[in-house]
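If you're matching them up, the sequences are chains A and B in order.
So the first sequence is numbered by our numbering: it starts at 1 and just counts up by one.
So the second sequence is numbered by our numbering: it starts at 1001 and just counts up by one.
Protein chains: 2
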Amino acid sequence: MKTQTHIPVSAYKSGGFIGRYQKLIRETVIPHQYKVLCDKAEDTEKSHVIKNFINAGKALRNQDTEDGFYGMVFQDSDAAKWIEAAAYSLAVNPDAELENTVDGLIDIIADAQDSDGYLNTFFTVKDKDKRWTNLLEGHELYCSGHMIEAACAYFEATGKDKLLRVMEKNAEHIYEKFIIGKTEGYPGHPEIELALLRLFRTTGNPKFLELSAHFLDVRGVDSRFFEKECKKRTWQVWGMSAPDTHYNQSYAPVREQKDAVGHSVRAAYLYTAMADMASQADDKELFAACKRLWESITQKRMYITGGIGSTVIGEAFSVDYDLPNDTAYAETCASIALIFFASQMLTNEIRGEYADIMEKAFYNTVLGSIQLDGKRFFYVNPLEVIPGISGEAQTHRHALPVRPKWYACACCPPNAARLISSFGRYAYGEDESTAYCHMFADGEVSFGNGIKLRCETDYPYGFSVKYTVKGSGRLAVRIPGWSEKYEIRLNRQIIQPENVNGYVYIEISHGDCIEIQLDGDAKKVYPSAKIPKLSGCVAVTRGPLVYCFEGADNEGDVISLSLKSDGAIHPKSCNSDALGNITLLETDAVRAEGVNEGLYSYIKPKLKEFTAVAVPYYTWGNRGENQMRVWMNER
Amino acid sequence: MKTQTHIPVSAYKSGGFIGRYQKLIRETVIPHQYKVLCDKAEDTEKSHVIKNFINAGKALRNQDTEDGFYGMVFQDSDAAKWIEAAAYSLAVNPDAELENTVDGLIDIIADAQDSDGYLNTFFTVKDKDKRWTNLLEGHELYCSGHMIEAACAYFEATGKDKLLRVMEKNAEHIYEKFIIGKTEGYPGHPEIELALLRLFRTTGNPKFLELSAHFLDVRGVDSRFFEKECKKRTWQVWGMSAPDTHYNQSYAPVREQKDAVGHSVRAAYLYTAMADMASQADDKELFAACKRLWESITQKRMYITGGIGSTVIGEAFSVDYDLPNDTAYAETCASIALIFFASQMLTNEIRGEYADIMEKAFYNTVLGSIQLDGKRFFYVNPLEVIPGISGEAQTHRHALPVRPKWYACACCPPNAARLISSFGRYAYGEDESTAYCHMFADGEVSFGNGIKLRCETDYPYGFSVKYTVKGSGRLAVRIPGWSEKYEIRLNRQIIQPENVNGYVYIEISHGDCIEIQLDGDAKKVYPSAKIPKLSGCVAVTRGPLVYCFEGADNEGDVISLSLKSDGAIHPKSCNSDALGNITLLETDAVRAEGVNEGLYSYIKPKLKEFTAVAVPYYTWGNRGENQMRVWMNER
């Protein structure tokens, strides 16, 4: 049973910090990404995704497909994620031109659907006979999943159901194939499971719930399925290793899985669907598995920035406590998926830790992936960058010191766009009488239960949050794990509601004003002594923001700095041309000087007092190549 | 022109520490390795190397080769390196049974040589038509090089020339092919260049000097040679990337190369030959290239242990200052090759730094590669090991926490055996009137110039060295770079000879006694501030020995320890069952305690005083799996 449900995206009208990001997505990212999809963006790798759909339509009509299919096997999903982002934007900011563009693209997509409901440009353009023969690598179910999400989002935003009908027909086709036709197998890349749950809720069609449950239930029961599938065919996409059942979480039935393993995006999409299904179907065994996997991630395999998947090899989780800073993979999509997972955990159980991690991943890894001007993106989010090594050494090729242009494999940018433009879904939730505030976000929100809130805050730089209430019921506000001290006022009177698992519950009436003062002190964070890479290190944070030290603010040299063990941290507001309105942290540090030219020396370096400046991690890499470090040595 | 030449192995009769290691090689390693070559060693991967030679002989006679060829394409070289090690052992310790065994093996090898002089079991057994068509991967020249070294060593040790004649004929065949026949190309794995120089000196045949010079001179002139070769054939060994010309140092002519790049063993074998040729041919341009490459290695790309090749990807050098501790490759063979390179630099120029590095690589990486009982070996020599991560994480698969059994690719163990049993060649050198002491080593040495020295020392644990002289001339003794203070007595009187580039020169007469007192203080070493992985770290050393901290001596937990910045280090002699007679270092440290169970915490850890115990790096991993760390955080 769901503890609470998500609110529609249209229910939250953002202001403040989130409002500015949503504006950036709306005004810069969505138009830029559409140009990319159309191959009209400069200095960008070819996408061809819209051409793929056009060509698939032609292939169905037996017309010449000209330039055929181009791109990754999952190229279709770029269009799906873009439509989803555009839909969320339209949900709160009507824009006839954008809606018209989306409608045109939907027409093209509808035209690429086969008469039986099949929809995938790779297989339709290249070879229809190979359909459904390579679940390991083929991404047919994955692409369908993303397009289902897009269809639901666009229907919710505009009431237009053309794409929804297309994807219902597609889902019926898949149901036919796997349920009626008893085709063996499950997706090589989980995603459709969570999409089908959403499609079920949007359409009410129980087949889609059944199909989602089917894919979750059969996964890993025959853990050699992909190996067998592999032997039946003579072609491959990349030649992915079928016996590596950890990579795609097929090594055991999902209810028996204990450690977060394998490709981190695959993993977190799967866990999201599991958590959603657990609350949807009131499946306690499934939820217990989700809890174990959540703990595996957050207690043993996650960066302080909410990054997950620490190794480039397989873009995957590594073993416990293996969290290298410089070779971190920490893919943007993986942190987005972690937010989805956390958000679905909150539909099972109201606990502050889920929202804490959601916020951590959002304000650090996800926002950090986007250049401040919205034009370039990190796929990989390291916690340390050293020009000359990062992006250069064989083991660091993936860890770039500045955001690259749009890639051929463009999973992350449109994923970040859809998340940010739907921020309200994750920040707020509701049940019949309660308004849940999981994350603080300036703006107005209208709940289905009749409560309306106006939230005023300068969060994440200001730490007072004021809610003005319309309607009545109960307000549930998360008290962040990082805010041990806080003060709550109801109509200017201090109140002390019990903190239940990280949330305070307040009865509210029309016209009430609730003011919350959180802890705005800058704080040092100490790593577990079990993380070898962080011995003797410390990081600095303020509120949900993790900070980092960049060369630009520290004489070009961060790696010779150590923070003083008893040193102070002074927050300082600043309006920087490059970084905008932010709060810097000035920290007491020492710089090692006098170390000789060679590699090793018996001469002890002199330590010189230095005021080191830290900036929010999400702003790093916006001033050209320079050193960056989150974890600093402490003396 | 050579500043000095090597002494024959037979000229040094070891005692003390080196004597014990040579005994271990003689009594345990050489017999064990022979068993491996014969596939008679238990718990060891199949070698088949002797069977390969037997089968090659059969193939030449068109007999059935039964079980054919087995092993790596360079399997022959295991036999060569073993013969070389055995020869060095025989040079000082006659052993009729061992000599008989070697003679038998040489008969088998001679039998495997084709009538034209060709000798390589892979191609002879598998496919004669493929000879010389894959210099990139085929290792024919590499294997010939090793067998030439073995032939010279065995001839020098025993006066027996059967293998020498075989290899002269083989070298003549190669001369015919590449000089007379003008076959294009050069070795994919340098090695024969240095071997041919030795063969030239052993036989006096100038063709071999010419052939060595040819291979050096043509290398990288056509940097696309391997690419072109690749296109001419339809088969491959592993499918090595021909365009990766850095991997095998073919990206530029050798005289133009600046940075040490690519596969580190290939690189250092090549540089060794270049340095040898530079002094042999008095080639100043070549020596200038050697100096640049030496500086690239020792000033930017070398571990404190003398390990080189910091990345597992291509077993290669990385970029400057990229020296990870836990994922270090630092192959044993690469440090052995670095010793060869250093030793050849000393034939060009007498400078203490060459011998300093030679000694550093020997006492730390090379000795550390061998289990103290001589039965297991490290190929990879990390500077940090954490059970659970090392050997387990995808990025750490190569960095094992304990020495593995003999591998199928068994390059390192016999390489270490031949180096240790020929230690005198590296420790001592001579010119017509000078006896050079590059490394301190208890025992007796007889120079070709008539000088004889008896050296008494407990080095590397004792720091007084006493030379008793027979004959007369000049003694050149290296004063190690780590011994800033030292005292020299000639017949009990303190003398103060000038220190010229790290050597003191003393006129000696028959009966003289020279006593040298070196600095036996334990010392902290500080890394360059340019090495990101070592920010705020310190290592402890004493004399040539680098120390490490193991769990076994430190309550099982090394990673929560920091050394105190102003803390003392106390050497303590100890006779340990597991580690033998060693000197421990007790160091003032603190342990971080009270860090909570999760990954990150706002609670500052308590620092508890702790006396941390360090053991010599070469003894690590002899007490089962446990944490090990060379570089410690400093507070």
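Yeah, the Cβ is synthetic: ideal placement off N, Cα and C, and Gly gets one too.
Because the structure is a prediction, the values reported are computed rather than measured.
{"Item": "Does any residue of chain A have a CB that is nearer than 9 Å to the CB of Ala1539(B)?", "Value": "yes"}
{"Item": "Under DSSP, the alpha helix (DSSP H) around Cys1143(B) begins and ends at which residues?", "Value": "1140 to 1158"}
{"Item": "Using a Cβ-Cβ distance cut-off of 9 Å, determine whether Trp482(A) contacts chain B.", "Value": "yes"}
{"Item": "Is it buried or exposed, Thr1583(B), if we count other Cβ atoms within 10 angstroms and call 16 or more buried?", "Value": "buried"}
{"Item": "Could you give the C-beta distance for Leu164(A) and Phe155(A), rounded to a whole number, given that I count them as a contact under 8 Å?", "Value": "4 Å"}
{"Item": "Assuming Phe1317(B) contacts Ile1308(B) under a Cβ cut-off of 8 Å, what Cβ separation, rounded to an integer in Å, is found between them?", "Value": "7 Å"}
{"Item": "Can you find a C-beta in chain B that's less than 9 Å from the C-beta of Gly536(A)?", "Value": "yes"}
{"Item": "Indicate the three-state DSSP secondary structure (helix, strand or coil) for Ala1337(B) in the structure shown.", "Value": "helix"}
{"Item": "With a threshold of 9 Å between beta carbons, is Asp276(A) in contact with chain B?", "Value": "no"}
{"Item": "Can you list the residues of chain B that Met302(A) reaches, using a CB-CB cut of under 7 Å?", "Value": "Leu1599"}
{"Item": "Can you say whether Asn248(A) is buried or exposed, counting buried as having 16 or more other CB atoms within 10 angstroms of its CB?", "Value": "buried"}
{"Item": "I need the straight-line Cα distance from Lys1002(B) to Lys1284(B), nearest angstrom please.", "Value": "12 Å"}
{"Item": "Among the residues of its own chain, which have a CB less than 6 Å from the CB of Phe440(A), if the five just before and after it don't count?", "Value": "Thr457, Tyr459, Val465"}
{"Item": "Identify the continuous beta strand (DSSP E) that holds Val1049(B) and give its terminal residues.", "Value": "No beta strand (DSSP E) holds Val1049(B); the alpha helix (DSSP H) holding it covers 1049 to 1060."}
{"Item": "Between which two residues does the beta strand (DSSP E) carrying Ala1589(B) extend?", "Value": "1580 to 1593"}
{"Item": "Can you give me the C-alpha to C-alpha distance between Thr1245(B) and Tyr1251(B), rounded to a whole angstrom?", "Value": "5 Å"}
{"Item": "If you draw a straight line from the C-alpha of Gly1016(B) to the C-alpha of Lys1023(B), how long is it?", "Value": "10 Å"}
{"Item": "Near Met1345(B), what residues of its chain come up, given a Cβ to Cβ distance below 7 Å and the 5 sequence neighbours on each side ignored?", "Value": "Ala1275, Cys1290, Trp1294, Tyr1354"}
{"Item": "Looking only at its chain, what residues have a beta carbon closer than 7 Å to the beta carbon of Asp1320(B), apart from the 5 residues adjacent to it on each side?", "Value": "Lys1300, Arg1301"}
{"Item": "Please compile the residues from chain A whose C-beta is within a distance smaller than 9 Å of the C-beta of Gln1299(B).", "Value": "Glu597, Gly598, Leu599"}
{"Item": "From the DSSP output, in three-state form, read off Cys437(A) for me.", "Value": "strand"}
{"Item": "State the CB to CB distance for the pair Thr158(A) and Leu211(A), rounded to an integer number of angstroms; the pair is presumed to be in contact (CB under 8 Å).", "Value": "Wrong, their Cβ atoms sit about 26 Å apart, outside the cutoff."}
{"Item": "Please list the partners that Gln1394(B) has in chain A, where partner means a Cβ-to-Cβ separation under 8 Å.", "Value": "Thr311, Ile313, Gly314, Ala316, Ser318"}
{"Item": "I'd like the list of long-range same chain contacts for Arg425(A), defined as Cβ closer than 6 Å, with 5 residues on each side in sequence excluded.", "Value": "His6, Val9"}
{"Item": "Using CA coordinates, which residue listed in Ala427(A), Tyr269(A), Tyr186(A), Thr541(A) is at the minimum distance from Thr133(A)?", "Value": "Tyr186(A)"}
{"Item": "Note down, in chain order, every chain B residue with its Cβ under 9 Å from the Cβ of Asn364(A).", "Value": "The contacting residues do not exist; Asn364(A) stays about 12 Å from chain B at best."}
{"Item": "Taking Ala427(A) as part of the beta strand (DSSP E), name the residues at either end of that continuous run.", "Value": "Careful: Ala427(A) lies outside any beta strand (DSSP E), inside the alpha helix (DSSP H) at 423 to 427."}
{"Item": "Return the CA-CA distance between Cys333(A) and Ala87(A), expressed in angstroms with no decimal places.", "Value": "19 Å"}
{"Item": "Please report the distance separating the alpha-carbon of Glu1430(B) from that of Arg1492(B).", "Value": "25 Å"}
{"Item": "Near Asn1581(B), what residues of its chain come up, given a Cβ to Cβ distance below 6 Å and the 5 sequence neighbours on each side ignored?", "Value": "Asn1575"}
{"Item": "Can you name, in chain order, every residue of its own chain whose Cβ lies under 6 Å from the Cβ of Ala267(A), other than the five neighbours on each side?", "Value": "Gln249, Ala260"}
{"Item": "In chain B, what lies closer than 7 Å to Pro616(A) by C-beta?", "Value": "Under the 7 Å cutoff, chain B gives no residues; its nearest Cβ is about 17 Å from Pro616(A)."}
{"Item": "Taking a Cβ distance cut-off of 9 Å, strictly less, list which residues of the segment 560 to 572 of chain A are near chain B, in chain order.", "Value": "Ser560, Leu561, Ser562, Ser565"}
{"Item": "Of the residues that make up the segment 1515 to 1529 of chain B, which ones have a beta carbon closer than 9 Å to any beta carbon in chain A?", "Value": "Lys1523, Lys1524, Val1525, Tyr1526, Pro1527, Ser1528, Ala1529"}
{"Item": "Classify Val469(A) as helix, strand or coil using the three-state DSSP reduction.", "Value": "strand"}
{"Item": "Mark Asp356(A) as exposed unless 16 or more other C-beta atoms lie within 10 angstroms of its C-beta, in which case mark it buried.", "Value": "buried"}
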